[in-house]
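Q: My questions will all concern the structure given below.
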Amino acid sequence: MITNISLRYLSLRLCKISDDGVKKIAHELRYRDPPNNPKLIILNLANNHITKDGAGHIGEMLRTNRSLRCLVLLGNRICDEGACLILQELKMITLRHEEIVEVRRRKFAELALMEEWMEKKKNEEIDKSVNEESSRKNGKSRTRQNLIRRSKKYVQETSNKMKVEGYTIQDSESMQKIKTIPGYEMCHPHKKESSPMNGKMMAMGNLELQYLDLSFNHLTNDISQEMINCLYYQNYMLLGDRSKGLLHVLIEGGDIEKQGNKNWNRFDELLRQRQSGERLENDAYREFVSQESEILRRSFSSSLA
């Protein structure tokens with residue numbers, strides 16, 4: 033299994049892989065809790081028999097995979113529809129019912145973990161207080177009941193700092209404490225990248241993939257607008273950060289005619305701006321970036337910076 037080894041690079045080019053084969057590969061690369069989380073960085077599936085259905089499986093994988101940086105699909109048959117299924121996961125997404133249920137389950141598990149951790153810390157504080165008092169008592173000592181009362185007060189004060197609003201820990205000092213709890217690192221991407229909006233749960237999408245090769249996939253000029261929308265969104269969300277997001281996108285061959293095409297010229301310019309870390313003025317995004325995207329960027333500005 034791909035997830036059970038520390039595999040960083042996998043090339044399966046010219047292996048006659050079908051959509052069913054891609055489905056199995058994509059399933060292995062979906063998010064899993066550590067230590068079985070995917071570690072693959074480069075996946076080369078060039079020159080196989082992948083169609084739009086296989087591209088759909090790859091898109092599903094990209095919803096939760098955050099390890100992959102390079103994806104090569106050159107020389108397949110995914111067409112415009114398949115390319116769109118991949119690109120839509122690189123923008124803001126709406127969580128499905130089962131994904132929302134999973135996010136809530138994990139948040140409740142985190143709260144239970146925090147409660148267990150607090151109880152452990154309380155007992156440690158009580159034992160520490162008892163030992164300290166015992167070591168320095170001079171005939172008179174406080175009763176264990178008083179020590180427990182003092183320890184409970186300490187725990188209550190600590191607990192008050194860990195306010196929970198919408199199951200989100202707000203206090204930065206408390207967050208640092210929570211991060212020390214064994215098991216906290218099991219954080220699903222949808223849990224840390226999503227926010228409720230207008231009765232829906234919206235998530236940032238995959239902003240980790242940096243290299244995408246879709247050349248010779250029977251694409252047409254129609255895909256150019258989808259590419260432009262994707263690059264505008266990522267440029268807006270990442271604020272010029274070149275450590276994440278699409279930096280290299282190869283689209284050659286097929287029915288694509290780039291020369292003199294205004295959309296492809298804009299696409300090339302947006303890629304250049306991403307590669308140079310250039311930030312666009314906010315007015316440049318008005319046509320392409322939704323209000324929900326603005327809210328998401330404000331909500332997660334610290335993690336995106």
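In this note's numbering, the protein residues as written are 33 to 337.
Glycine is no exception: its CB is placed at the ideal position from the N, C-alpha and C atoms.
If you're wondering where the values come from, they're calculated on a predicted model, not measured in any experiment.
Do G272 and E313 have their C-beta atoms closer together than 9 Å?
A: no
Q: What does the alpha-carbon distance come out to for the pair C246 and G91?
A: Note that residue 246 is Leu in the sequence shown, not Cys. Using only the alpha carbons, I get a separation of about 13 Å.
Q: Do L94 and I132 come within 9 Å of each other at the CB atom, strictly closer than that value?
A: no
Q: So, for V339: in the same chain, excluding its five sequence neighbours on each side, which residues have a beta-carbon less than 6 Å away from its beta-carbon?
A: Past the edges of the chain, shown from 33 to 337, lies residue 339, and the structure says nothing about it.
Q: Does DSSP classify L251 as helix, strand or coil?
A: Residue state, collapsed to three classes: coil.
Q: Quick one: what's M124 bridged to in DSSP?
A: Answer is none; M124 lacks a bridge partner.
Q: Please report how far the alpha carbon of Y317 lies from the alpha carbon of E258, in whole angstroms.
A: 15 Å
Q: Does the segment 74–87 touch the segment 37–50, meaning 3 or more C-beta pairs lie closer than 8 Å?
A: yes
Q: How many angstroms separate the CA atom of L44 from the CA atom of G237?
A: 26 Å
Q: What does the alpha-carbon distance come out to for the pair W296 and K55?
A: 31 Å
Q: Output needed for I125: all residues of its chain with C-beta closer than 6 Å, excluding positions within five of it in sequence on either side, in chain order.
A: A235, G237
Q: What is the residue span of the beta strand (DSSP E) that N76 lies within?
A: 74–76
Q: Between L251 and C111, which are expected to be in contact by the criterion C-beta below 8 Å, what is the C-beta distance as a whole number of angstroms?
A: 7 Å
Q: Beta-carbon separation of C102 and Y243 under 9 Å?
A: yes
Q: Please list, in chain order, all residues of the same chain as L282 whose beta carbon is under 6 Å from its beta carbon, the five residues on each side excluded.
A: D245, S247
Q: Within a Cβ cutoff of 6 Å, which residues of the same chain sit near K123, ignoring the five residues on either side of it in sequence?
A: Excluding positions up to five away in sequence, the list reads G237, C262, Y265.
Q: In its own chain, which residues sit with a C-beta less than 6 Å from the C-beta of Q307, not counting the 5 before and 5 after it?
A: L279
Q: In terms of alpha-carbon separation, which member of P66, L328, I288 lies closest to K23?
A: Summary: the structure shown does not reach residue 23, with the chain confined to residues 33 through 337, and so no result is reported for it.
Q: Look up L303 in the DSSP assignment and say whether it is helix, strand or coil.
A: Under the three-state reduction of DSSP, L303 is assigned to helix.
Q: Report the option in K276, N76, M229, K71 whose CA atom is closest to the CA atom of L46.
A: Looking at the Cα atoms, N76 is the closest of the given residues.
Q: Between which two residues does the beta strand (DSSP E) harbouring V281 extend?
A: For V281, the uninterrupted beta strand (DSSP E) segment begins and ends at 280–282.
Q: Work out the CA separation of S322 and K71 for me, nearest whole Å.
A: 32 Å
Q: Going by the DSSP bridge assignment, what does P228 pair with across the sheet?
A: M233
Q: Cβ atoms of G107 and N79: under 9 Å apart, would you say?
A: yes
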